[in-house]
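Data first, discussion second: the structure below is written as structure tokens.
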Amino acid sequence: MGHVSEQCGNLIDFIGFSCDSSAGPGENTFIKKKNWYIIRMQPLRTFPYIPLKIPRYKILKRLGYQRRQNEISQRMMSEVDKWITYAADHIHLKATACIRDIQIDHANGIVALEQSDTVFESAGFSRFLGKADQLLMMGITGGQAVADEIKQLQEDKKMTGAVIVDAAASEIVDEGFDWLMALFNKELVRERKALKLKRFSAGYGDFDIRFQADVYHILKMETLGVAITETCILVPEKSVTAFCGISKVTGE
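Structure, rendered in structure tokens:
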């Protein structure tokens, strides 16, 4: 596990156990008002190093390979594997993440962050969260080097390499989200909570890409070397944000 740094006012989090003047270790204040669900905020956490996992089959699938329909020669597969390894050698996964208090107004398709002016207007996002009690916000980047390599390969007209490195980088970054989710889920078990297995991102469905600017600032992604354009695109390429809902575990 990489080093984790955490900061947040008078709230302290010790790997999933939180305490302040009004709550004991592991406790979360939970208030329910009609269609609104409110809980406490947890600190921003920084992950300067996330171990790489290379999902070879997912990369091949992204490239259009289907095991039952496509046959690839050993020579071609060797070439693909060479570029996948090349991509991994130029990726440095790092991330920031936090769990935030939320209010969900399902009737109007609004998700609001507590102790913040941030409001996400999206019927699809509110449906996705359902009765989630909390929101895990994540921002991750593969780093500048791999983005530079993709661009250089394109400029050098090495399109096969560019396409494979691009696909590999996308899937490796996606695996970084899986690593983060597994970590948080392990901690949340102690509070009888669980992450929704699916993720949601800005720009999906009716969740406007402009909201990515709010997410970028909340997650302080500039500390990861990530910038954001006027059109709310993250730079370098292979920098992504995502959300997961957190719900109480019911039953035994």
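For the sequence shown, the numbering used here begins at 26 and goes up steadily by one. Here a beta-carbon is modelled for each residue, glycine too, at the ideal position from N, C-alpha and C. The model shown is predicted, which means the values in this text are computed figures rather than measured ones.
Minimum C-alpha distance to residue i - residue among the options
{"i": "PRO261", "options": "TYR74, ALA219 and ASP191", "result": "ASP191"}
{"i": "SER272", "options": "LYS78, ILE165, VAL251 and PHE153", "result": "PHE153"}
{"i": "GLN140", "options": "LYS263, ILE124, HIS131 and GLY149", "result": "ILE124"}
{"i": "MET101", "options": "ALA112, PRO68 and THR185", "result": "THR185"}
{"i": "ASP114", "options": "ILE175, GLY164, SER151 and GLU216", "result": "ILE175"}
{"i": "GLU104", "options": "ILE197, PRO68, HIS131 and ILE189", "result": "ILE189"}
{"i": "GLY168", "options": "ALA194, ALA267 and LYS218", "result": "ALA194"}
{"i": "TRP204", "options": "THR248, ILE165, THR110 and ALA170", "result": "ILE165"}
{"i": "ARG87", "options": "LEU249, VAL240 and GLU196", "result": "GLU196"}
{"i": "ALA132", "options": "VAL144, THR143, SER151 and ASP142", "result": "SER151"}
{"i": "GLU216", "options": "LYS107, PRO68 and VAL274", "result": "VAL274"}
{"i": "PRO76", "options": "ASP233, THR248, ILE84 and VAL198", "result": "VAL198"}
Per DSSP, cross-strand counterpart(s) of residue i
{"i": "LYS119", "result": "THR166"}
{"i": "GLN99", "result": "BP columns for GLN99 are empty, so no partner."}
{"i": "VAL136", "result": "ILE129 and PHE145"}
{"i": "LEU259", "result": "ILE253"}
{"i": "PHE225", "result": "PHE268"}
Three-state class that DSSP yields for residue i in the structure shown
{"i": "THR143", "result": "coil"}
{"i": "VAL274", "result": "coil"}
{"i": "ASP126", "result": "strand"}
{"i": "ILE253", "result": "strand"}
{"i": "SER264", "result": "strand"}
{"i": "TYR74", "result": "coil"}
{"i": "LYS176", "result": "helix"}
{"i": "ALA219", "result": "strand"}
{"i": "LEU69", "result": "strand"}
{"i": "LEU154", "result": "helix"}
{"i": "PHE232", "result": "coil"}
{"i": "LEU244", "result": "coil"}
{"i": "LEU161", "result": "strand"}
{"i": "ILE197", "result": "helix"}
{"i": "SER46", "result": "Since pLDDT at SER46 reaches only 30, below the 50 mark, its modelled position is unreliable, and the value read off the structure follows with that caveat. Looking at SER46 - three-state DSSP - the assignment turns out to be coil, as it is neither helix nor strand."}
Beta-carbon spacing of residue i, residue j below 8 Å
{"i": "PRO73", "j": "GLU200", "result": "no"}
{"i": "THR121", "j": "MET206", "result": "no"}
{"i": "ILE135", "j": "GLN159", "result": "no"}
{"i": "PHE268", "j": "LEU161", "result": "yes"}
{"i": "ILE253", "j": "THR143", "result": "no"}
{"i": "GLN179", "j": "ALA187", "result": "yes"}
{"i": "ALA257", "j": "ARG235", "result": "Correcting the residue type first, residue 257 is Cys in the shown sequence and not Ala. Yes, they are a contact pair."}
{"i": "GLY228", "j": "GLN237", "result": "yes"}
{"i": "LEU259", "j": "TYR241", "result": "yes"}
Cβ-based burial, residue i [other Cβ within 10 Å; buried from 16]
{"i": "LEU220", "result": "buried"}
{"i": "THR266", "result": "buried"}
{"i": "SER98", "result": "exposed"}
{"i": "LEU208", "result": "buried"}
{"i": "GLY270", "result": "buried"}
{"i": "LEU13", "result": "Outside the displayed range of the chain (26 to 277) lies residue 13, so it cannot be described from this structure."}
{"i": "GLY49", "result": "Note that GLY49 scores 33 on pLDDT, short of 50, meaning its location in the model is unreliable and no value can be drawn from it."}
{"i": "LYS21", "result": "Outside the shown range of the chain, which is 26 to 277, sits residue 21, and nothing can be said about it."}
{"i": "THR71", "result": "buried"}
{"i": "ASP231", "result": "exposed"}
{"i": "ALA112", "result": "buried"}
{"i": "ILE116", "result": "buried"}
{"i": "PHE202", "result": "buried"}
{"i": "ASP239", "result": "buried"}
{"i": "VAL29", "result": "Because VAL29 carries a pLDDT of 40, less than 50, the predicted location of this residue cannot be relied on, and no value is offered for it."}
Beta carbon proximity, residue i to chain C, threshold 8 Å
{"i": "VAL214", "result": "Going by chain labels, chain C is absent from the structure shown, which holds only one protein chain."}
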